[in-house]
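Structure, as structure tokens:
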Amino acid sequence: MAEKSGGGESPGAGEARAKTGISGLDSVLNGGIPLGNLVLLSGACGTGKTTLALEMLVNGARAGEAGIFFSTTETVERVVENAASFAFFEKGLVNKKLHFYDSAEVFEKLNISADLSDKDVDALLKWFAKTVKDEGATRMVIDSLTGVCQRISKPELIRDFTLKLGRALAGAGVTTVATSETRAGESAYSTFGVEDAVADGIVLLGNHDSRGYLLRTIQVVKMRGTVHSRARYVFDLTSHGLIMVPMLKASMREG
Amino acid sequence: MPVEVERIVQQSLEEAAPNAAIALMCDLNFYFQTMKAVVEYANKQNKKVIYVTSTIPSSVIKQQLEAEGVSVSNLYFVDCISFIVGSTGGEKDNTAYIESPTMLENIMLKVETWLKQVGTKGTILFLDAMNTLAMHNDEKALSEFAYYLINSLRVRQVMTLVLSIHEQTPEDLEVILKLVCDSAIDVKESG
């Protein structure tokens, strides 16, 4: 039912992967996200980006991989409180294999101003590199990348930042999922139009109107280093995490 | 000659492979007996049943079975009918509600959610019934739905039982059922 397409220089079927732990998604990705990829999770508000990113991070932590959650949208307390409502979350992992950081506190500590200068961007990149090393992290979530890029005034600096961030984290062996806020109904994958070009992967979350009901959809648009399905799937966010099934052709015709 | 519904159903299920997909084609008169025989078989084998109902509300099914002395503790419902008739009566532990029988992907999602909770080992999916889903969905959508559901459960060793009432099942749908299922059991008046 899924259509497979080449996503990069090599199929990568035998390469090491960061498994998401979400059964349908790992199948779509031919085993998981290629290690070191920077993946954009794009979608309008309410499409499930944060929950999906969190589930991937927690699943990694439960398998022994330390992870960092960098939040620009909510305080750490709020993120952990929301996470605790899910059956897949283990509070005992916090500050052991799961490390949460609030961007406001990090920016204050680095003495970063509201508008990030070249110097501020360098300081932030160094902070990311140091933090993953200190925590021994191999997974990272940035929620949201849009929230960081909004503080960078020059578009060329946004591209530069995203490129350097991806390289630094990949070099440190970190697989990164960064959420990207888009507007409902728009076909863009990112707010500034540059992050998606730089990212190794794009996973698009959306809504599909089928006979008057909105279905949550997920689609892997690109993923370097692996073959992957480009079919659109329907998913649900449950207390046990994300569940996904194929979208029926009948729903596609009526959309 | 009286039809021994319970014997026909139970014998067929006992002889079937653990991951078999079976079409249960019954006459309208034997609907409740067939449904009851499936639940009794599952109880006897200590199997959990994910019960997808688009025919009658899950609360009514439970009442009817309990009135006959049949335990419903192993039943986990995906109820596609209560919402549209306005009789959900609040959240219930063993029931997931779907707003409409047209939401086939949502049915698949709720089945997967239950499977995640109860596990696949020793679990049966009981779809009651294909003819009522056909009242709300076209044949192409239904055949795609049945094909995906049955095959995805088959590889996970889950037995699938698809009930359909003879008198209300279009011929094309009956053909589809017989194509996607491993076997068909006819529960009808003989001779």
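Chains as they are written, first to last, in the numbering used here: chain A, 1 to 255; chain B, 1001 to 1191.
Virtual Cβ for every residue (Gly too), placed ideally from N, Cα, C.
Computed from a predicted model, the values in this text were never measured in an experiment.
On the DSSP bridge assignment, give the partners of residue i in chain order.
i	result
Tyr1097 (chain B)	B:Asp1079
Gln219 (chain A)	A:Leu204, A:Arg232
Ser1183 (chain B)	B:Ile1022
Leu116 (chain A)	A:Ile152
Glu1066 (chain B)	Answer by DSSP bridge pairing: none, since Glu1066 (chain B) is not bridged.
Phe1126 (chain B)	B:Tyr1051, B:Leu1161
Tyr1041 (chain B)	In DSSP, Tyr1041 (chain B) forms no bridge with anything.
Leu242 (chain A)	A:Leu237
Leu214 (chain A)	A:Asp209
Ile1084 (chain B)	DSSP lists no partner for Ile1084 (chain B).
Lys1092 (chain B)	B:Thr1095
Pro34 (chain A)	A:Arg17
Val94 (chain A)	A:Leu98
Cβ closer than 9 angstroms: which chain A residues qualify as neighbours of residue i?
i	result
Thr1102 (chain B)	Ser210, Arg211, Gly212, Tyr213
Phe1145 (chain B)	Leu248, Ala250
Is the beta carbon of residue i sitting closer than 8 angstroms to the one on residue j?
i	j	result
Leu41 (chain A)	Arg17 (chain A)	no
Leu1187 (chain B)	Ile1008 (chain B)	Here residue 1187 (chain B) turns out to be Val, not Leu, going by the sequence shown. Cβ atoms of Val1187 (chain B) and Ile1008 (chain B): closer than 8 angstroms.
Val220 (chain A)	Leu29 (chain A)	yes
Thr1160 (chain B)	Ile243 (chain A)	no
Val1005 (chain B)	Phe1030 (chain B)	yes
Phe264 (chain A)	Glu55 (chain A)	Any property of residue 264 (chain A) remains undetermined from this structure, which presents chain A solely from 1 to 255.
Ala1129 (chain B)	Lys1110 (chain B)	no
Ile1165 (chain B)	Leu1013 (chain B)	no
Phe1145 (chain B)	Leu1104 (chain B)	yes
Arg232 (chain A)	Thr217 (chain A)	yes
Ala260 (chain A)	Leu125 (chain A)	Given a span of 1 to 255 for chain A in the structure shown, any question on residue 260 (chain A) remains unanswerable.
Val177 (chain A)	Val76 (chain A)	no
Glu1139 (chain B)	Ile1098 (chain B)	no
Ile1084 (chain B)	Ser1100 (chain B)	yes
Val132 (chain A)	Ala172 (chain A)	yes
Leu214 (chain A)	Ser251 (chain A)	no
Arg151 (chain A)	Ala114 (chain A)	yes
Ile158 (chain A)	Phe192 (chain A)	yes
Thr1123 (chain B)	Lys1044 (chain B)	no
Arg139 (chain A)	Gly31 (chain A)	no
Ser1087 (chain B)	Ser1054 (chain B)	no
Arg62 (chain A)	Glu90 (chain A)	yes
Ile1150 (chain B)	Ala1021 (chain B)	yes
Glu1015 (chain B)	Lys1036 (chain B)	no
Tyr1148 (chain B)	Pro155 (chain A)	no
Between which two residues does the alpha helix (DSSP H) holding residue i run?
i	result
Leu98 (chain A)	Counting along the chain, Leu98 (chain A) falls outside any alpha helix (DSSP H), though it belongs to the beta strand (DSSP E) covering 98-102.
Ile1150 (chain B)	1139-1154
Leu1104 (chain B)	1104-1118
Val1009 (chain B)	1005-1015
Val79 (chain A)	76-83
Asp26 (chain A)	23-28
Ala16 (chain A)	Run containing Ala16 (chain A): none; DSSP gives neither H nor E here.
Could you list which residues in chain B have their beta carbon closer than 9 angstroms to that of residue i, in chain order?
i	result
His240 (chain A)	Thr1113, Lys1116, Gln1117
Ser251 (chain A)	Leu1104, Glu1105, Ala1141
Val234 (chain A)	Glu1105, Asn1106, Met1108, Leu1109
Residues of chain A with CB closer than 8 angstroms to the CB of residue i, please, in chain order.
i	result
Tyr1148 (chain B)	Met1, Val245, Pro246, Leu248
Asp1138 (chain B)	Ala250
Glu1099 (chain B)	Tyr213
Just the chain A side, please: which residues come within less than 7 angstroms of residue i by C-beta, in chain order?
i	result
Leu1013 (chain B)	In chain order: nothing, as chain A lies at least about 26 angstroms away.
Glu1171 (chain B)	In chain order: nothing, as chain A lies at least about 20 angstroms away.
Give me the chain B residues within the contact set of residue i, using Cβ-Cβ distance strictly less than 7 angstroms, ordered along the chain.
i	result
Asp160 (chain A)	In chain order: nothing, as chain B lies at least about 41 angstroms away.
What first and last residue would you give for the beta strand (DSSP E) that runs through residue i?
i	result
Arg60 (chain A)	The question names Arg, yet the displayed sequence has Gly at residue 60 (chain A). It is not in any beta strand (DSSP E) - Gly60 (chain A) instead sits in the alpha helix (DSSP H) that spans 49-62.
Phe70 (chain A)	66-71
Gly43 (chain A)	38-43
Ser180 (chain A)	175-181
Val198 (chain A)	Counting along the chain, Val198 (chain A) falls outside any beta strand (DSSP E), though it belongs to the alpha helix (DSSP H) covering 195-198.
Asp1027 (chain B)	Careful: Asp1027 (chain B) lies outside any beta strand (DSSP E) and carries neither H nor E.
Arg139 (chain A)	137-143
Please name the residue, chosen from the options, that lies closest to residue i on a Cα-to-Cα basis.
i	options	result
Val194 (chain A)	A:Ser180, A:Gly206, A:Gly32	A:Ser180
Val1162 (chain B)	B:Asn1094, B:Glu1068, B:Tyr1051	B:Tyr1051
Ile202 (chain A)	A:Ala53, A:Ala114, A:Thr138	A:Ala53
Ala104 (chain A)	A:Phe235, A:Val148, A:Ser239, A:Gly24	A:Val148
Glu1066 (chain B)	B:Met1159, B:Gln1117, B:Val1039	B:Val1039
Ser144 (chain A)	A:Glu74, A:Ser113, A:Leu204	A:Glu74
Gly206 (chain A)	A:Thr47, A:Leu124, A:Gly92	A:Thr47
Glu1189 (chain B)	B:Cys1026, B:Asp1138, B:Asn1019, B:Ala1016	B:Cys1026
Gly212 (chain A)	B:Thr1102, B:Ala1021, B:Val1180, B:Thr1132	B:Thr1102
Val1078 (chain B)	B:Gln1063, B:Ile1107, B:Tyr1147	B:Ile1107
Ser71 (chain A)	A:Pro155, A:Ala83, A:Gly60, A:Ser23	A:Ala83
Tyr1076 (chain B)	B:Lys1121, B:Thr1034, B:Leu1125, B:Thr1055	B:Leu1125
Phe161 (chain A)	A:Lys249, A:Asp118, A:Val79, A:Val245	A:Asp118
At a threshold of 7 angstroms, does residue i count as lining the ligand SAM (C-beta to nearest heavy atom)?
i	result
Arg224 (chain A)	The ligand SAM is not part of the structure shown, which contains no ligands of any sort.
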